[in-house]
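The structure appears right after this line, and notes come after that.
There are 2 protein chains.
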Amino acid sequence: MPEPPEQLKRLLVNVDRVAPEDELAERLAEGRPLRVKLGLDPTAPSVTLGWAVVLRKLRHFQELGHTAVLIVGDFTAQVGDPSLMAETRRRLTAEEVRGYAESVLGGFSRILLPDPLEIRWNSEWLASMDMEHILELSSATTVAQMLERADFAERMAEQRPISVLEFLYPLLQGYDSVAVEADVELGGSDQLWNLLMGRTVQQRYGMRPQVAMTMPLLLGTDGVNKMSQSLDNYVAVDDAPADMFGKVMSIPDDLMPQWYRLATELPAEESEAVISGVAEGSVHPAEAKRRLGREVVRLYWDDEEAVEAEAAFDRVFRDRKSPEEVPDHALREADPVHLPGVLLDAGLVTSTSEARRLIAQGAVKLDGARLTEEDVPRASLLGALIQVGKRRFVRFV
Amino acid sequence: MPEPPEQLKRLLVNVDRVAPEDELAERLAEGRPLRVKLGLDPTAPSVTLGWAVVLRKLRHFQELGHTAVLIVGDFTAQVGDPSLMAETRRRLTAEEVRGYAESVLGGFSRILLPDPLEIRWNSEWLASMDMEHILELSSATTVAQMLERADFAERMAEQRPISVLEFLYPLLQGYDSVAVEADVELGGSDQLWNLLMGRTVQQRYGMRPQVAMTMPLLLGTDGVNKMSQSLDNYVAVDDAPADMFGKVMSIPDDLMPQWYRLATELPAEESEAVISGVAEGSVHPAEAKRRLGREVVRLYWDDEEAVEAEAAFDRVFRDRKSPEEVPDHALREADPVHLPGVLLDAGLVTSTSEARRLIAQGAVKLDGARLTEEDVPRASLLGALIQVGKRRFVRFV
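Which chain is which? The protein sequence lines are A and R, in order. For what it's worth, this note's numbering labels the leading residue of the first sequence as 5, then goes sequentially. For what it's worth, this note's numbering labels the leading residue of the second sequence as 5, then goes sequentially.
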């Protein structure tokens, strides 16, 4: 383990807030492995580059010998609010939650070290919590403190309903910090209030309160909104290399400084050199973006895949050729073939309605020519290259 | 059972609010015995004349064949809030709660019919309620609805803390209405919001919501505040006849109209005749108050006790004599006698500190003469009449 001041320096890179500021240094000075909590809400399948900003910080802790404690919020994710559907997320089944959790943990394993790592499911302590305990927990904080949370304050101001149930979620998630005895909790900068609630709950149970550490939010490929799966402006850490590279190439130029700093592991000096080079005109933005694309692919795949992803990108977009390695897909027995169904079978779309919309928009091509019909003679599909949008290809056999 | 319109007429006497107004008539028209809920919080031992206003209404329902459903809030009374001691009531032990509940139910039995009557303890359904059920329950209402409750609104405005726990109490008590399938819930007029919460919770569980019926609040003997045990401005339904009569005689004259209407069972015409007689000067206020005293004693004891209580009152206050029947109390062996201890033994005070305070105030008399010392020669006490305050007497033997 490096000396505490050296650890602190490494851990504070790119950090948005440490609250309270001095307590992280105090804990590091104790010289023991800290327990660093990260909660994950298994309500969507992918791990995005936005999430990875926090995960890579967690990995930095691991590299210094501290324990990553992942809390899978399986219990909280299963509790929906049928009376307030429009305002809150829907209730997920246990199977959906498990599916998402496994998928997300798979993504995490691309970033975190396998050790020291603890994975805990919060149903372990929440599902069996009894009435008396819940009432005790709910006495940890006040209504006024709850209403300081930005989204609650906004909804009260706009007279949109907040279910009393929603006041219990932050307490339950705060209790996770008690259950795992967290020293530090990590999150995005929009999670600061929640992380501080963990402190409040720990204090209620007579425990030394954790340090809250937040990371900046990465903007999505649209350059406007926080990266999120529901807005479909994301890059997932397990996206195929070519897809990953292509998505990075699609971001607006002015997003590059943030992505260089938060989405790569380039040393700060190198990132800043590229960023200022672009600003001064000595580096071409397209070149800078290609390098960004390679750095991102390198991080989640390897050097070779990065080079190959760039070459594949060039074949399709610069040289206007089809990609070299197009997957084959066995065409279903039918003539004519109903294209929305086979596009779904082939995994090129997520629903037949998406397929129909793309066909209507002229975004589906057969050997480079736009398709306008949903039903296509089988003979014209066999052996042909099908392209959906810019980057999805398949060859029917 | 009388016809529904006749029932309605009898039930609406003295009522403050029925909400929603038309639904009581609808339920009565169904011709079945209604389930009429009354919650009791076992946090104090006595049943006051204030409480009796609501209880007598419940008895009217019983007399018409409807079922009185008493909910003993044993579970809710046991949950305290250690973090907000100053704001909320302290946590009671199971034994204290049971003791208060038994004492209160004893008082109730002076008013209610033994049948049709159901007594339910809410720990039956609340103690075993699991996390998922509690979260479901908490989704029944919104933060905004909670903050409409007068005391919460006040505390928010004054920036005094409200624990999140306090948001759960009304939901738990509302769930009592689900558990017992209440048709109607009774309460004091300050309980209207709580009774309507019962409706909200029943609706959340797909149940037809109860009718809320509130009774006016009886002012205490001070003529200023709501009658309450914590303010010691109350008459208990099991006070001894002489004590009961004496307390009624101590109320301010302007309180008589309210007490005639709410604290007696005199027919409305008779009450109004006395009230207007006093207003017009044809009835002397002191005579009106004596009659009020007799009516109250008659209600909880009988005619004979009422007459005797008035006579005892006259001997002490009008004729300045000691009461005829003074209980004997065997003096403990000691010389000199420490008076605070024996006053406590004799049940004239509730603590030795109260005794010391009363002695210091000159409120303790030995054969009519003020005592100023706490230690008194045994000989001067034996056979003597001891008077504490206006109405407490004992003879030491």
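Note that CB positions come from ideal geometry on N, CA and C, so glycine has one too. On a predicted model such as this, the values are computed, not experimentally measured, just so you know.
C-alpha distance - residue i paired with residue j, whole-angstrom precision
i, j, result
"LYS369(R)", "PHE171(A)", "59 Å"
"LEU88(R)", "ASN229(R)", "Here LEU88(R) scores only 40 on pLDDT, less than 50, and its place in the model is too uncertain to base an answer on."
"GLY345(A)", "GLY366(A)", "17 Å"
"PRO242(R)", "SER50(R)", "Per the sequence shown, residue 242(R) should be read as Asp rather than Pro. Going from the Cα of ASP242(R) to the Cα of SER50(R) covers about 8 Å."
"GLY178(R)", "MET201(R)", "6 Å"
"LEU296(A)", "ARG114(A)", "19 Å"
"GLU299(A)", "ARG208(A)", "45 Å"
"ALA90(R)", "PRO165(R)", "Residue placement at ALA90(R) is poorly supported in this model, since its pLDDT is 45, which falls under 50; the coordinates are not used for a value here."
"PRO340(R)", "GLY372(R)", "20 Å"
"VAL73(R)", "PHE400(R)", "46 Å"
"PHE1(A)", "PRO261(A)", "As shown, chain A starts at 5 and ends at 401. That puts residue 1(A) outside it, with no answer to give."
"VAL287(R)", "ILE255(R)", "17 Å"
"ARG14(A)", "GLY227(A)", "28 Å"
"LEU96(R)", "THR354(R)", "20 Å"
"ARG63(R)", "GLU158(A)", "48 Å"
"ASP258(R)", "VAL392(R)", "28 Å"
"VAL311(A)", "ASP236(A)", "26 Å"
"ALA334(A)", "TRP125(A)", "40 Å"
"VAL357(R)", "ARG336(R)", "Val is not the amino acid found at residue 357(R); the sequence shown has Ser there. So the two alpha carbons sit approximately 19 Å from each other."
"PRO86(A)", "PRO213(R)", "Its pLDDT being 43, under 50, PRO86(A) is placed unreliably in this model, and the coordinates cannot settle the point."
"HIS137(A)", "PRO24(A)", "28 Å"
"LEU303(A)", "LEU343(A)", "37 Å"
"TRP263(R)", "ASP307(R)", "19 Å"
"ASP247(A)", "VAL182(R)", "55 Å"
"MET5(R)", "PRO120(R)", "13 Å"
"TRP112(R)", "PHE156(A)", "Sequence inspection shows Phe at residue 112(R); the Trp mentioned does not correspond to that position. Each residue's Cα considered, the two are about 45 Å apart."
"THR92(R)", "GLU152(R)", "Residue placement at THR92(R) is poorly supported in this model, since its pLDDT is 48, which falls under 50; the coordinates are not used for a value here."
"MET160(A)", "ALA161(R)", "15 Å"
"LEU389(R)", "ARG396(R)", "10 Å"
"LEU59(A)", "VAL215(A)", "17 Å"
"GLN206(R)", "ASP180(R)", "9 Å"
"GLU309(R)", "GLY351(R)", "22 Å"
Residue i classed as buried or exposed, judged by whether at least 16 other C-beta atoms fall within 10 angstroms
i, result
"PHE321(A)", "exposed"
"LEU28(A)", "buried"
"GLN163(R)", "exposed"
"GLU377(R)", "exposed"
"ALA144(R)", "buried"
"GLU185(R)", "exposed"
"PRO9(A)", "exposed"
"GLN187(A)", "According to the sequence displayed, residue 187(A) carries Asp and not Gln. Buried, by the Cβ-count rule."
"THR218(R)", "buried"
"PRO245(A)", "buried"
"LEU347(A)", "buried"
"LEU53(A)", "buried"
"LEU386(R)", "exposed"
"ASP26(A)", "exposed"
"ASP194(A)", "exposed"
"PRO271(A)", "exposed"
Within chain R, partners of residue i - CB distance below 7 Å
i, result
"MET133(A)", "MET135"
"PRO165(A)", "THR146 and ALA148"
"ILE138(A)", "MET135 and ILE138"
Rounded distance between the beta-carbons of residue j and residue i, thought under 8 Å
i, j, result
"LEU175(A)", "VAL168(R)", "7 Å"
"THR71(R)", "PRO37(R)", "5 Å"
"PRO331(R)", "VAL380(R)", "Contact flag wrong, Cβ pair sits at about 19 Å."
"ASP20(A)", "PRO289(A)", "No, ASP20(A) and PRO289(A) are not in contact; Cβ-Cβ is about 27 Å, not under 8 Å."
"VAL282(R)", "ALA292(R)", "5 Å"
"LEU42(R)", "LEU190(R)", "5 Å"
Under 8 Å from the C-beta of residue i: neighbouring residues of chain R
i, result
"LEU417(A)", "This structure does not reach residue 417(A), given that chain A is present from 5 up to 401, and the question cannot be answered."
"LEU15(A)", "Here the premise fails: no neighbours, minimum Cβ distance about 33 Å."
Under 9 Å from the C-beta of residue i: neighbouring residues of chain R
i, result
"LEU200(A)", "None at all; the shortest Cβ gap to chain R is about 15 Å."
"LEU172(A)", "ILE138, LEU139, SER142, VAL168 and LEU172"
"LEU175(A)", "VAL168"
Contact test: residue i Cβ vs the ligand NAD heavy atom, cutoff 8 Å
i, result
"LEU96(A)", "By its list of ligands, the structure shown contains no ligand whatsoever, and the ligand NAD lies outside what it can speak to."
Completely contained alpha helix (DSSP H) runs for the segment 174-252 of chain R, where each covers 4 or more residues: Look at the segment 174-252 of chain R and you find these whole runs of alpha helix (DSSP H), each 4 residues long or longer: 196-208.
Within the segment 124-177 of chain R, ranges of the alpha helix (DSSP H) (whole runs, at least 4 residues): 127-130, 135-142, 147-150 and 154-161
Whole alpha helix (DSSP H) elements within the segment 331-384 of chain R, 4-residue minimum: Counting only unbroken stretches of 4 or more residues, the alpha helix (DSSP H) elements lying wholly within the segment 331-384 of chain R are 343-349 and 356-364, in sequence order.
Continuous alpha helix (DSSP H) assignments of at least 4 residues falling wholly in the segment 255-297 of chain A: 260-266 and 272-284
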